[in-house]
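Under the working numbering, the first residue of the sequence shown carries the number 32, and numbering increases by one thereafter. For glycine and all other residues, C-beta sits at the position ideal for the given N, C-alpha and C. Predicted model only: the values in this text are computed from it and were never measured. Below is one structure; the comments refer to it alone.
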Amino acid sequence: MISNKPILFISALILIIYSQAQAKPRGVTFDVVQLGAKPDGKTDSSKAFMDAWKAACGSVVSASIYVPPGRFLVNGLFFGDRCENKNNVLFRIDGVLVAPEDFQVTGTAANWIEFREVDGVTISGGILDGQGIGLWDCKLAGESCPPGATTLGFTASKNIRIKGLTSLNSQMFHIVVNGCENVKMDGLEVSAPGNSPNTDGIHVQFSSGVRISNTKISTGDDCISIGAGSTNLWIENVACGPGHGISIGSLGKELNESGVENVTVKTVTFSDTQNGARIKTWGRPSSGFVKNILFQHIIMNNVQNPLVIDQNYCPSKKGCPGQISGVKISDVTYQDIHGTSATDVAVKFDCSKTEPCEGIKLEKVELTYRSRPAEASCTNAAGTESGIVVPSSCL
Ligand SMILES: *[C@@H]1O[C@H](CO)[C@@H](O)[C@H](O)[C@H]1NC(C)=O
Ligand SMILES: *[C@@H]1O[C@H](CO)[C@@H](O)[C@H](O)[C@H]1NC(C)=O
């Protein structure tokens, strides 16, 4: 018998060389500690981070910013805007970036860490600790508090990669992608308590070519929320819960609004969430629309509203009573959806009277409530079903 050991050895060697080439940044590296950051969790390191960004952007070769292990207090706003460097800028983070404990410091800013008008930024690894607890307590106590900052925001940017990043306890949303093109997020973890207010996991709007994969989100609001102007969005292999589910919307608050088109949500598990797959629009006139949506291979574990379209959203009954949603919803497919509902109505399609839902397809859907078939309720919704569909649809 011929030993295959040498082959194994050589492949292992190639693998090591290859993975080192992947992990080791090319070009020049700026270490935030060498630029004055202190890994003690209490010395403000904002300036060192900004200096590292400026140095990386000023470099003519590709540049990396390295954050070693330790806790780094970033007691102000990090703002990375237009970068002169035409190569990719890589943030390799082994440590934790800690937001100020006093929510007044960043609470009125849109983002704690923001990148704007950048092309080719990669963030690899690391933990962002938003320290949102103080602000949530303020909000939950009904006091007057600032809205809170998003932990990480990308605005008007393209060719962004975020991998292996953890976001903890954001004041408001964890990650927002706004006005961007080609953004890939892989292997993220988002974590905040189920009762933390407005702590959406990842919010996408006015963006195209965004991909979220292999990600675990536990939070107090939507795990992923998809706003107006989101197109060609791909979500795959995500675990959500606790949280409010994956939501397209709220849409249609504005009269003139961009639509949502071509969204795939596949291989997702929802556990103990308020919603599973949700589409939500305000009961107000609007030019918005939602079309070509696929929800596929989804497991529901004790979800309150597994499949829901709600076109009568009108919080506090302000500015919408008696009005009808103008958002047209069409071609939404639910395929291979299984599991348990925490309420008797597992499928609820409550569509607009003037713009009824069209082309709703249910295929191989099996949802139970207390070990019995759950119920379905449809208003102004038309479509087809095929394969086993339980509850039998009301389309
Ligand atoms: C839909 O979006 C995916 C990426 O999520 C893209 O690959 C595909 O080409 C898009 N389809 C159309 C018709 O634009
Ligand atoms: C509607 O919004 C789009 C994009 O925000 C804008 O370009 C357009 O001019 C607006 N149209 C009207 C009628 O306001």
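1) Cα-Cα, which of I277, T304, C382 is closest to K297?
2) Does the beta-carbon of T139 have 16 or more other beta-carbons within 10 angstroms, so that it is buried, or is it exposed?
3) Can you pull the DSSP bridge partners for G218?
4) Using a Cβ-Cβ cutoff of less than 6 Å, which residues in the same chain neighbour I191 once the five nearest sequence positions on both sides are dropped?
5) May I ask which residues mark the beginning and end of the alpha helix (DSSP H) holding F109?
6) Ends of the alpha helix (DSSP H) at M81?
7) If I'm right that P177 touches F134 with Cβ under 8 Å, what's the distance once you round it to whole angstroms?
8) Verify the contact flag: T186, CB atom, against every heavy atom of ligand 1, threshold strictly below 7 Å.
9) Can you give me the start and stop residues for the alpha helix (DSSP H) that D362 sits inside?
10) Taking 8 Å as the threshold, find out whether the segment 348-355 comes into contact with the segment 319-328 through three or more Cβ pairs.
11) Could you check what DSSP says for L166 in three-state terms: helix, strand or coil?
12) Please tell me whether, using a cut-off of 7 Å, the distance from the CB of T4 to the nearest non-hydrogen atom of ligand 1 is below it.
13) If I follow the unbroken beta strand (DSSP E) through I96, where does it start and stop?
14) Tell me the rounded alpha-carbon separation between R102 and I164.
15) What does the alpha-carbon distance come out to for the pair S372 and L108?
16) Starting from the C-beta of D231, find all residues in its chain whose C-beta is less than 6 Å away, skip the five residues before and the five after it, and write them out in chain order.
17) Which class does L398 belong to by DSSP, given the choice of helix, strand or coil?
18) Which ranges does the beta strand (DSSP E) cover as unbroken runs of at least 3 residues, wholly within the segment 301-337, from first to last along the chain?
19) Is the closest heavy atom of ligand 1 to the C-beta of L325 under 7 Å?
If we stick to the structure as given:
1) Checked all of I277, T304, C382; the closest Cα to K297 is I277.
2) Under this definition T139 is an exposed residue.
3) According to DSSP, residue pairing for G218 in a beta bridge does not occur.
4) Excluding positions up to five away in sequence, the list reads V152, F185, V214.
5) Per DSSP, F109 is not a residue of any alpha helix (DSSP H); the beta strand (DSSP E) it occupies stretches across 109-111.
6) DSSP places M81 inside the alpha helix (DSSP H), whose first and last residues are 77-89.
7) Right, the Cβ-Cβ distance comes to about 7 Å (below 8 Å), so this counts as a contact.
8) False, no ligand heavy atom lies under 7 Å from that Cβ.
9) Unbroken run through D362 is the beta strand (DSSP E), 359-372; no alpha helix (DSSP H).
10) No, because fewer than three Cβ pairs between the segment 348-355 and the segment 319-328 fall closer than 8 Å, the two stretches do not touch.
11) If DSSP states are grouped into helix, strand and coil, L166 belongs with the helices.
12) Past the boundaries of the shown model lies residue 4; the chain is included only from 32 to 426, so the question cannot be answered.
13) I96 -> beta strand (DSSP E) spans 94-98.
14) Their backbone Cα atoms lie some 18 Å apart in a straight line.
15) A direct Cα-to-Cα measurement between S372 and L108 gives close to 42 Å.
16) If we look at D231 and ignore the five residues flanking it on each side, its Cβ neighbours are F204, D252, D253, S256.
17) For L398, the secondary structure class from DSSP, reduced to helix, strand or coil, is strand.
18) Listed in chain order, the beta strand (DSSP E) elements of length 3 or more contained wholly in the segment 301-337 are 306-313, 320-334.
19) Not so, every heavy atom of ligand 1 lies at least 7 Å from the Cβ.
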